[in-house]
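In our numbering, the protein residues as written are -11 to 489.
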């Protein structure tokens, strides 16, 4: 039986995340004009204090070794509290950076435009010259917050050392029980194995889709290159909900009988254009926020976020709070990738969208997937070096060098801190890609090439989702006989996708 301390702690932690996600949903949906998450963060900050972390450590020490689930739960609470406490040290600087970017208005073609609007325009601008000009103006805005970002990361690195670790890298390797250095070396192998094929297929597509050669291309060209607008007619907005319903119906999941998932597509002023999900109360109340629009990008984002919602909707009500809100992010990302990658399957496109001549699109998506994996591999190597304290004043140069070698477009040094996410999220992405590749092959072998039409496959997935965040990604892979995560497998699968398309 858990102690009174743990019972109360878990309840307050659930209240905190519920309030946080509800507040963010109300703001992003356009139902509220001002985001006030800082209020909740301050009100519940004691959950992550050194005193509470020490008490959690005491609970772990007093929990018998044979109580494996309870020990795993408490270890997750300790890791989460440490992560949240670390983020709190940079709150003020994070808010300063956000305020700066929200108020920044670069001048383009004689007019001032909001910085975020300018970033969105980059993805829609078909003319390479204009796109590069706008990108240059955005870079100047990014440089304006460079000192704030540097100060923030310095504070986080110092805080990590203040917790008794030699570096931010060492702290997170301990918290997450992931060897990021070993993972970075595996990522280097992905880059080496896919280098020649990637360059040979990426260069002509970039010229055709974005109007630039490899020598001319910059990172700002990637957003426009990935729009694939000429295929919009095959992905009409009115089909979004239909595709969602039918995909899950094939698995035996009747979405119209799930009152715990709300699809919010209502148009509102100030509503975000991004597809997002909000686990307000898991598993009882999950929102999916989206704006109906044509295009494969909208469909893949929608399939991804609705799967996150499905995972949370099927979590057991008996799970501890930490297994509902604080589990291994790579696990949930891996399952979401499984569904967001469905538009790469010719059979799914034919079944759900009557799109039969899909060879060209599937080739583009295969190249895009490899580009994203190579970019993540390079970013992980950069972040390992950065957070180990190896770079200093050379960080910008190293960032640009690694990303350019991997993606084959120029990356400006000014992005070297803006691109870095907290807590090695890019490593979660890579682990998720590897898991998804092996899981998809497992599903095809066990339930057939149209696995999304198998109710047994649906039961299999539901059983896994029911466990929430109880298991790390690698543990789950072994549980279902996938074996060790293989990045050789991932690289070979990417190459096979390109050969087949």
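Glycine is no exception: its CB is placed at the ideal position from the N, C-alpha and C atoms.
All of these numbers come straight from a predicted model, not from anything done at the bench.
- Taking 8 Å as the cut-off, the Cβ atoms of residue 350 and residue 334 count as close.
- For residue 265, the uninterrupted beta strand (DSSP E) segment begins and ends at 264 to 269.
- For residue 149, the uninterrupted alpha helix (DSSP H) segment begins and ends at 134 to 150.
- DSSP, read as helix, strand or coil, puts residue 385 in helix.
- Residue range 273 to 277 is occupied by the beta strand (DSSP E) that includes residue 273, with no alpha helix (DSSP H) assigned at that position.
- Cβ-Cβ separation between residue 33 and residue 76: approximately 6 Å, consistent with a contact (criterion under 8 Å).
- No Cβ-Cβ contact shorter than 8 Å links residue 44 with residue 14.
- For residue 251, the enclosing beta strand (DSSP E) begins and ends at 249 to 252.
- When 406, 431 and 282 are compared, the shortest CA-CA separation from residue 139 is found for 406.
- Shown here, residue 241 sits in coil according to DSSP, grouped into three states, outside any helix or strand.
- The shortest CA-to-CA distance from residue 259 to any of 22, 1 and -7 is the one to 22.
- The beta carbon of residue 185 sits closer than 7 Å to those of 483 and 486, all from its chain and outside the five residues before and after it, given in chain order.
- Take the alpha-carbon of residue 203 and the one of residue 363: they are about 18 Å apart.
- Where residue 63 is concerned, the enclosing alpha helix (DSSP H) starts and stops at 56 to 76.
- Taking residue 123 as the centre and dropping the five residues before and after it, the same chain places the C-beta of 110, 206 and 208 closer than 7 Å to its C-beta, in chain order.
- A distance of 8 Å or more separates the beta carbons of residue 17 and residue 261.
- Burial is judged here by how many other beta carbons sit within 10 angstroms of a residue's own beta carbon; residue 320 has at least 16 and is buried.
- Counting other Cβ atoms within 10 Å of its Cβ, residue 98 stays below 16 and is therefore classed as exposed.
- For residue 259, the secondary structure class from DSSP, reduced to helix, strand or coil, is coil.
- Straight-line spacing of the CA atoms in residue 338 and residue 216 works out to 18 Å.
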